[in-house]
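Presented below is the structure to which this report refers.
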Amino acid sequence: MKEEKLSSKTRLLPIFVLILLVALWWMLSLLGIYPESAFPSPQAVVRGFGEEFKAGRLFDDLIASLYRVLTGFALAVALGVPLGLMLGHRARARAALLPTVNFFRNLSPLAWIPFAILWFGIGDKPAIFLIFMASFFPLVLATIAAVASIPAVFFRVAQNYGYRGAELLTKVTLPAIVPQVITALRITAGLAWVVVVAAEMIAGQDGLGFAIWDSRNGLRVDLLVVNMIVIGFIGVVIDRLLLQLTKIPSVRWGYER
Amino acid sequence: MKDKPLIVEAISRSFGEVEVLRDFSLDINGGEFVAIVGPSGCGKTTLLNLLAGFDKPSAGRVVSRGRVRMVYQQDGLFPWRTVAENIQMGLRHFKDEAARERELKEMLALIGLEGFEDSYPHQLSGGMRQRVELARALAGDTETLLLDEPFSSLDYLKRLRLRRELVRLLTERPRTVVLVTHDIEEAAQLADRVVVLSERPARIRCELQLELERPRDPTHPEVVEAMHRILTVLGLEQDSSFDENLTLQSSAL
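The listed protein sequences derive, respectively, from chains X and G. So the first sequence is numbered by the numbering used here: it starts at 33 and just counts up by one. So the second sequence is numbered by the numbering used here: it starts at -2 and just counts up by one.
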């Protein structure tokens, strides 16, 4: 995963593709295959952005969604990584729990939506619950896998140099799995961001997901696209932020072999 | 008589049906450089793990005195720690901060890696990494170094250079060394005593004493002669005629 130096021309390519996409969108809307009420034009969406900014609703929705994702995700990390560490080290506990963890890992978090509403009502709580269910199990599994892949020689060296107990955990096991855990964080954060939209569409009164549903109900497809653009953009920003973690000098080794 | 830092008393070790060591004994003298060679899979690494205390013998015992440290073929350094932090692992038992700093500086100078203290292992060449491993193992008051094919991941010329480096480091910091290797030239060039093992279960086929002063050239007649003897014992030499003018002491067991 070494980063290659790209020429400035190559760096402009993504912008070029973006312009091309918008142009294509524009042409399709000009052709009028679908009515404006089902296929908004780029101009309408730009106007929609202006309208949303003036109303301030976009920003409020964004904050609501980010708060839910952050809380649910933080809970999943705080519980999932330690549990993964524990299971990674204890064969019996792993044998006992792994099938269950795998079961929930493969159960779509969206299947929990009805129960989320029955148990937590409407608002932040059901969304946080769903985000937790979406990211907790993959994090546990990724941490177990990371522990399993620590070379045995590290533990021998640790024994040789007198690392035991808690110190072994914090000075050897943890730093050895950090690169893989960061990769898992990136994947599960993406998952959480996808899930929050679905959660808010059904169990929300605000948030970007709710805004999508609300725009559709108000027959404002231009605002619908505004929210879609924001959701996609923020998702990329979250991943870019987490990507910065891989630049920490003491974890670089995990990405450069 | 010096008291011995490592004594192996009639140890046996089996893994399931496979008997790797049976009634194996070996004494290592203080300050001695012993090389253990033998066919692959004969139990060299098992023996080393027993010497290091990572593994327990099924019978018999290993008595060691002082700090015993192992150097690995490759990737024994913690990749999340810098060169300085890795070497400091070897100084963990030093209570005095200043002494630790001083020793670290000294080790860095000794291996010629001043200026690389903040580099991470993955930023170094294979040879540099092995030098850091050696420094980490030598740091502090280590009594015995166990070397598990420490240079076998390097190319031939680098290997030759690292052998010289090891000899120089040991002149500065004398230690008892047990080197396990399949590189017969390495054994003959470095060791005071070469122990040739048989196939499983490993027995000592032959021990060679080399009195020649270090550093030795790999092409020095005595080194070449020792290689010849080892290869003959292992049944890998066809012409045993120039066995006649041997000046080496050896004791075939």
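For glycine and all other residues, C-beta sits at the position ideal for the given N, C-alpha and C. Quick caveat: nothing in here was measured; it's all calculated off a predicted structure.
Quick check on X:T205: does DSSP put it in helix, strand or coil? Numbered from 1 along the first sequence, position 173 holds the residue referred to as residue 205 of chain X. In this structure, X:T205 counts as helix in the three-state DSSP scheme.
Given that a residue counts as buried once 16 or more other Cβ atoms are within 10 Å of its Cβ, and exposed if not, what is X:P114? As a first step, residue 114 of chain X must be located in the first sequence, where it is residue number 82. Exposed: under 16 other Cβ atoms inside 10 Å.
What are the start and end residues of the beta strand (DSSP E) that includes G:L23? Position 26 of the second sequence, counted from the start, is the residue given in the question as residue 23 of chain G. Looking at the DSSP string, the run of the beta strand (DSSP E) that includes G:L23 is V15 to I25.
Does the beta-carbon distance from G:I25 to G:T173 come in below 8 Å? As a working note, residue 25 of chain G is residue 28 in the second sequence. As a working note, residue 173 of chain G is residue 176 in the second sequence. Yes. Within cutoff.
State yes or no: is the C-beta of G:R161 nearer than 7 Å to some heavy atom of the ligand GDP? As far as ligands go, the structure on display features none, and thus does not contain the ligand GDP.
Any contact between the stretch 269 to 276 of chain X and the stretch 209 to 222 of chain X? By contact I mean 3 or more CB pairs, one from each, below 8 Å. yes
Pairing CB atoms from the stretch 79 to 89 of chain X with CB atoms from the stretch 253 to 263 of chain X, are three or more of them under 8 Å? yes
Within 10 angstroms of the Cβ of G:L44, are there 16 or more other Cβ atoms? Answer buried if so, exposed if not. On the second sequence, position 47 is the one that residue 44 of chain G refers to. Buried: at least 16 other Cβ atoms inside 10 Å.
Flag X:F186 as yes if its beta-carbon sits less than 8 Å from any beta-carbon of chain G, otherwise no. Looking up residue 186 of chain X in the first sequence gives position 154. X:F186 counts as touching chain G.
Against chain X, which members of the stretch 181 to 198 of chain G pass a CB distance test of less than 7 Å? none
Using the three-state DSSP reduction, which class does G:Q71 fall into: helix, strand or coil? Counting from 1 along the second sequence, the entry for residue 71 of chain G is found at position 74. G:Q71: coil per DSSP, three-state reduction.
According to the Cβ coordinates, are G:L48 and G:V31 closer than 8 Å? On the second sequence, position 51 is the one that residue 48 of chain G refers to. On the second sequence, position 34 is the one that residue 31 of chain G refers to. Not a contact, by the Cβ cut-off of 8 Å.
Using the rule of at least 16 other Cβ atoms within 10 Å of the residue's Cβ for burial, across every protein chain shown, is G:N104 buried or exposed? Reading the second sequence from its first residue, position 107 is the one you call residue 104 of chain G. For the sequence presented, residue 104 of chain G should be read as Met rather than Asn. Result: buried.
Measuring only the C-alpha atoms, how far is X:A96 from X:G239? On the first sequence, position 64 is the one that residue 96 of chain X refers to. On the first sequence, position 207 is the one that residue 239 of chain X refers to. Taking the straight line joining both Cα atoms gives about 5 Å.
Straight-line Cα distance separating G:L231 from G:D52: The residue you call residue 52 of chain G lines up with position 55 of the second sequence. The residue you call residue 231 of chain G lines up with position 234 of the second sequence. Their Cα atoms are separated by approximately 27 Å.
Give me, in chain order, the residues of the same chain whose beta-carbon lies closer than 6 Å to that of G:E162; leave out the 5 immediate sequence neighbours on both sides. If you number the second sequence from 1, residue 162 of chain G lands on position 165. Answer for G:E162: no residue qualifies.
Cβ-based neighbour list, G:F21, same chain, cut-off 6 Å, excluding 5 preceding and 5 following: Reading the second sequence from its first residue, position 24 is the one you call residue 21 of chain G. Contacts found: I8.
Touching or not, the stretch 160 to 173 of chain X and the stretch 243 to 259 of chain X, by the rule of three or more beta carbon pairs under 8 Å? no
Kindly indicate which three-state DSSP category G:G57 falls into: helix, strand or coil? As a working note, residue 57 of chain G is residue 60 in the second sequence. Strand.
With a Cβ-Cβ cutoff of 8 Å, do X:G222 and X:T175 count as a contact? In the first sequence, counting from the first residue as 1, residue 222 of chain X sits at position 190. In the first sequence, counting from the first residue as 1, residue 175 of chain X sits at position 143. No, the Cβ-Cβ distance between X:G222 and X:T175 is not below 8 Å.
Would you kindly report the start and end of the unbroken alpha helix (DSSP H) that includes X:V167? The count along the first sequence starts at 1 and reaches residue 167 of chain X at position 135. Checking the sequence shown, residue 167 of chain X turns out to be Ser, not Val. Counting along the chain, the alpha helix (DSSP H) containing X:S167 begins and ends at D156 to A180.
Would the stretch 78 to 89 of chain G and the stretch 112 to 129 of chain G be scored as touching if the rule is three or more Cβ pairs under 8 Å? yes
Do X:A166 and X:A235 have their beta-carbon atoms positioned less than 8 Å apart in this structure? Along the first sequence, read from residue 1 onward, the residue named residue 235 of chain X stands at position 203. Along the first sequence, read from residue 1 onward, the residue named residue 166 of chain X stands at position 134. Their beta carbons are not under 8 Å apart, which means X:A235 does not touch X:A166 by this criterion.
If we ignore side chains and look at the alpha-carbon of each, how far apart do X:D156 and X:V213 end up? As a working mapping, residue 156 of chain X is identified with position 124 in the first sequence. As a working mapping, residue 213 of chain X is identified with position 181 in the first sequence. Whole-angstrom Cα-Cα distance: 27 Å.
What are the boundary residues of the beta strand (DSSP E) that G:S11 is part of? Locating residue 11 of chain G in the second sequence gives position 14, where the first residue counts as 1. Residues L3 to F12.
Quick one: list the residues of chain X neighbouring G:D72, beta-carbon separation under 9 Å, in chain order. Translated into positions along the second sequence, residue 72 of chain G becomes position 75. Neighbours of G:D72 on chain X, chain order: P183, V185 and F186.
Let me see if you follow: with CB-CB separation under 8 Å, is X:R284 close to chain G or not? Counting from one through the first sequence, the residue named residue 284 of chain X turns up at place 252. Yes, contact with chain G.
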